[in-house]
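Residue numbers (the numbering used here): 486 to 646. Working notes, beginning with the structure itself.
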């Protein structure tokens with residue numbers, strides 16, 4: 486009498502097969518999406534990566550005509566300058582952006598979130614520290630943000646719409 490069971494009758498093997506199939510499908514879809522969205526471009530410093538999604542065209546056009554175009558690319562303002570913080574923020578933002586654009590759940594026009602606004606403010610100070618070091622950064626006990634007054638510098642009027 487044969488005591489071996491066929492794989493179809495072995496619940497543990499069947500569960501492992503289903504799990505492997507689901508992981509394979511998930512990874513395949515993930516790789517397809519990453520390729521379709523030109524995911525490798527986000528590892529570069531090329532501002533064109535920011536317009537892989539049509540939702541950023543206004544911001545890209547605004548930057549392309551701004552005073553900062555000659556001196557700063559997207560990552561210079563929107564990601565920390567130090568390792569590993571830069572790559573951690575790129576990963577977090579990449580995930581959030583891909584989720585938002587895949588689901589269509591984002592504001593129109595695009596607005597910067599508080600987390601990223603703090604990074605942009607810190608980068609303003611990094612580049613312009615000598616000019617702003619003597620400015621009182623408190624107004625009525627509230628910290629003043631560079632973009633409060635200079636919000637259209639990086640993206641022109643696209644930042645104000």
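Virtual Cβ for every residue (Gly too), placed ideally from N, Cα, C.
Counting along the chain, residue 590 sits inside no alpha helix (DSSP H), nor does DSSP assign it H or E at all. Under the three-state reduction of DSSP, residue 523 is assigned to coil, being neither helix nor strand. Bounds of the alpha helix (DSSP H) holding residue 545 are 542 to 549.
Judged by their CB atoms, residue 548 and residue 639 are nearer to each other than the 7 Å cut-off.
By the Cβ-count criterion, residue 535 is buried, with 16 or more other Cβ atoms from all chains shown falling within 10 Å of its own Cβ.
A straight line joining the alpha-carbon of residue 527 with that of residue 537 spans about 9 Å. The stretch 575 to 582 and the stretch 514 to 521 do not touch, with fewer than 3 CB-CB distances between them shorter than 8 Å.
Secondary structure of residue 609 (DSSP, three-state): helix. Taking C-beta separations shorter than 6 Å and ignoring five residues to either side along the sequence, the partners of residue 562 in its chain run 605, 608, 639, following chain order. Residue 603 sits in a helix when the DSSP states are folded into three classes. For the pair residue 570 and residue 600, the Cα-to-Cα distance works out to about 13 Å.
An exposed status is given to residue 619, since fewer than 16 other beta-carbon atoms sit within 10 Å of its beta-carbon. Residue 543 holds the alpha-carbon nearest to the alpha-carbon of residue 596 among 584, 552, 543.
Rounded to whole angstroms, residue 494 and residue 505 show a C-alpha spacing of 17 Å.
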